[in-house]
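Peer 1: Numbering (the numbering used here), first residue to last: 1 to 491.
Note that CB positions come from ideal geometry on N, CA and C, so glycine has one too.
Only a predicted model underlies this, so the values are computations on that prediction, with no experimental measurement involved.
Have a look at this one before I ask anything.
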């Protein structure tokens with residue numbers, strides 16, 4: 001069977017497979033983007049968007065991928081000339097060969113080549129998916145000068161090992177050569193990611209060269225962004241599936257759901273890929289989109305997880321087969337979530353919410369409710385409690401949202417009773433509360449509300465919330481006695 005590479009593209013196209021037309025007949029776009037962190041999400045998301053932009057409008061926006069330490073992606077994709085397959089999972093699966101990646105570098109082993117790429121005038125953008133840890137920030141969101149990697153890089157005794165150190169070194173080279181800074185784009189799910197990245201780069205530069213820091217203050221563009229798409233890990237079953245469907249050997253195909261979203265702050269240079277034509281949303285209100293995602297996606301997701309686990313439902317798709325539960329979630333969205341915030345002007349809330357419920361129904365994505373339920377003490381203060389606080393302030397209802405919080409309390413009790421692991425940084429404290437619960441709703445809820453790390457001082461003392469949560473807890477205790485939960489009683 002043929003290996004996926006530049007030479008096999010023409011035969012794939014002849015067989016009806018979607019291939020990168022800009023790479024046919026031996027042509028390769030020049031590299032205009034460097035990306036740090038070439039994991040599965042990047043290859044199913046930003047790399048795919050750039051591929052689509054070049055399919056539509058051409059341009060030299062090839063990507064040089066950088067793995068800071070691991071050789072895995074390099075060993076898989078370099079023999080394939082950077083080509084790989086994206087399998088889009090839905091009721092029917094579609095396949096597309098993506099050609100935006102031109103090379104994969106390993107920073108630890110190819111440091112000079114990496115610095116040459118970053119310093120090249122042809123490199124206009126540096127994007128990154130390095131997780132929150134990769135930005136080396138302290139609890140205030142500033143550069144952590146005590147971080148071991150940052151301390152090593154600032155010493156100048158070895159080649160830089162942090163992404164921040166690597167980028168500032170290249171930016172210093174560009175300044176000396178009279179080349180404008182590249183546009184640096186964080187694509188991690190980190191609030192105000194562009195601002196935090198920009199601050200980290202400038203704060204690092206201040207430790208090295210005051211003039212460099214001033215130059216970056218005046219010239220560096222770091223847009224905020226938001227990304228979204230479920231990208232499950234690649235497994236041998238996917239490799240086999242791609243091999244059978246495309247009659248090709250692909251070392252590292254990617255699978256993702258059909259829904260994909262990339263929201264970028266509208267401050268990019270004029271010279272950029274045709275990302276807008278590829279479906280990227282440019283806006284002045286990235287925070288508004290982040291808020292919409294937290295409220296319209298994450299809040300229903302967590303609510304469904306806790307209610308579903310209580311009902312012994314395994315996956316999101318399974319939960320969406322429960323008409324009463326879906327009706328409950330829809331009422332929560334329409335009556336309590338949508339009225340709680342002002343959406344960005346570019347966002348159609350009704351269509352976005354419908355897309356989310358469609359994503360939940362995707363039969364090809366096996367998303368376990370028990371995993372979504374992890375780390376509730378960290379998620380609830382982001383996903384649900386701010387909506388409750390806003391609705392109380394505005395005089396709007398909180399009944400459905402209170403049911404979701406009550407379900408979390410009972411989920412913790414269920415974990416304690418069944419002696420199953422509770423995945424949560426506050427597990428010991430929460431399980432101790434569960435052990436002391438007696439089914440006296442007022443007493444049980446008072447104990448949960450005492451967890452200030454979750455509820456804070458204001459909300460835990462709010463009489464409206466306490467009353468609503470106690471009623472919801474009582475209601476759930478009652479319906480959970482049924483073999484089949486009467487979801488309609490929760491609506």
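#1: Please report the distance separating the alpha-carbon of residue 493 from that of residue 381.
#2: Please determine, among 288, 276, 258, the residue with the shortest C-alpha to C-alpha distance to residue 224.
#3: In the DSSP assignment, the alpha helix (DSSP H) including residue 290 goes from what residue to what residue?
#4: What is the residue span of the alpha helix (DSSP H) that residue 408 lies within?
#5: Over the uninterrupted alpha helix (DSSP H) stretch that includes residue 318, give me the two end residues.
#6: Does residue 25 pass the burial test, meaning 16 or more other C-beta atoms within 10 Å, or should it be called exposed?
#7: Alpha carbon to alpha carbon, what distance is there between residue 443 and residue 385?
#8: Suppose only complete runs of 4+ residues qualify. What are the alpha helix (DSSP H) ranges in the segment 29 to 58, listed by chain order?
#9: Between residue 212 and the rest of its own chain, which residues show a CB-CB distance below 8 Å, the 5 nearest in sequence each way excluded?
#10: Rounded to a whole number of angstroms, what is the C-alpha to C-alpha distance between residue 480 and residue 428?
#11: In angstroms, rounded to a whole number, what distance separates the CA positions of residue 323 and residue 317?
#12: Does the structure place the segment 105 to 113 close enough to the segment 60 to 80 that three or more beta carbon pairs sit under 8 Å?
#13: With residue 407 and residue 476 assumed to form a contact (beta carbons below 8 Å), what rounded beta-carbon distance in angstroms separates them?
#14: Can you check DSSP and say which residues form a bridge with residue 164?
#15: Which class does residue 255 belong to by DSSP, given the choice of helix, strand or coil?
#16: Cβ-heavy atom distance between residue 53 and the ligand GTP below 6 Å?
#17: With 16 other CB atoms within 10 Å as the buried threshold, where does residue 366 fall?
#18: Would residue 76 and residue 252 be called neighbours here (beta carbons separated by less than 7 Å)?
#19: If you measure between the beta carbons of residue 29 and residue 60, is that distance less than 7 Å?
#20: What are the start and end residues of each continuous beta strand (DSSP E) run of 3 or more residues lying completely inside the segment 176 to 226, in chain order?
#21: Taking the alpha carbon of residue 492 as the point to measure from, which residue in 330, 187, 180 has its own alpha carbon closest?
#22: Considering only C-alpha positions, which residue in the set 98, 36, 214 is nearest to residue 20?
#23: Quick check for students: name the residue ranges of the beta strand (DSSP E) that lie wholly in the segment 105 to 145, counting only runs of 3 or more.
Peer 2: Reading off the structure:
#1: Examination of residue 493 is not possible in this model, given that the chain is present from 1 through 491 alone.
#2: Mapped onto the chain shown, residue 224 falls at position 224. Answer by Cα proximity: 288.
#3: Within the chain shown, numbered from 1, the residue matching residue 290 stands at position 290. Looking at the DSSP string, the run of the alpha helix (DSSP H) that includes residue 290 is 286 to 293.
#4: Here residue 408 is taken as the residue at index 408 of the chain shown, counted from 1. Residues 399 to 417.
#5: Counted from its first residue, the chain shown places residue 318 at position 318. From DSSP, the alpha helix (DSSP H) with residue 318 extends over 316 to 319.
#6: Reading the chain shown from its first residue, position 25 is the one you call residue 25. With fewer than 16 other beta carbons inside 10 angstroms of its own, residue 25 counts as exposed.
#7: For the purposes of this step, residue 385 is identified with residue 385 of the chain shown, where counting begins at 1. For the purposes of this step, residue 443 is identified with residue 443 of the chain shown, where counting begins at 1. Their Cα atoms are separated by approximately 21 Å.
#8: Runs found: 40 to 44, 46 to 57.
#9: Taking the first residue of the chain shown as 1, we reach residue 212 at position 212. For residue 212, same chain residues with a beta-carbon under 8 Å away, outside a window of 5 residues either side, are 168, 171, 172, 175, 205 in chain order.
#10: Working through the chain shown from its first residue, we reach residue 480 at position 480. Working through the chain shown from its first residue, we reach residue 428 at position 428. Approximately 25 Å, taken between the alpha carbons.
#11: Here residue 323 refers to the residue found at position 323 of the chain shown. Here residue 317 refers to the residue found at position 317 of the chain shown. One Cα belongs to residue 323, the other to residue 317, and the distance between them is close to 12 Å.
#12: Between the segment 60 to 80 and the segment 105 to 113 there are three or more C-beta pairs closer than 8 Å, enough to call the two in contact.
#13: Looking up residue 407 in the chain shown gives position 407. Looking up residue 476 in the chain shown gives position 476. Rounded, the Cβ-Cβ distance is 6 Å, consistent with contact.
#14: Position 164 of the chain shown, counted from the first residue, corresponds to residue 164. Per DSSP, none; premise fails for residue 164.
#15: Mapped onto the chain shown, residue 255 falls at position 255. In the displayed model, residue 255 falls within a strand according to three-state DSSP.
#16: Of the ligands one can find in the structure shown there are none, so the ligand GTP has no counterpart to examine.
#17: The residue labelled residue 366 in the question sits at position 366 within the chain shown. Exposed is the call here.
#18: Residue numbering aside, residue 76 sits at position 76 when the chain shown is read from its first letter. Residue numbering aside, residue 252 sits at position 252 when the chain shown is read from its first letter. At a Cβ-Cβ threshold of 7 Å, residue 76 and residue 252 count as neighbours.
#19: Here residue 29 refers to the residue found at position 29 when the chain shown is read from its first residue. Here residue 60 refers to the residue found at position 60 when the chain shown is read from its first residue. Residue 60 sits close to residue 29, with the two beta carbons spaced by under 7 Å.
#20: Within the segment 176 to 226, the complete beta strand (DSSP E) runs of at least 3 residues are 183 to 186.
#21: This structure gives no information on residue 492, because the portion of the chain shown stretches from 1 to 491.
#22: Position 20 of the chain shown, counted from the start, is the residue given in the question as residue 20. Considering only alpha carbons, the answer is 98.
#23: Counting only runs of 3+ residues, the beta strand (DSSP E) found wholly inside the segment 105 to 145 occupies 125 to 128, in chain order.
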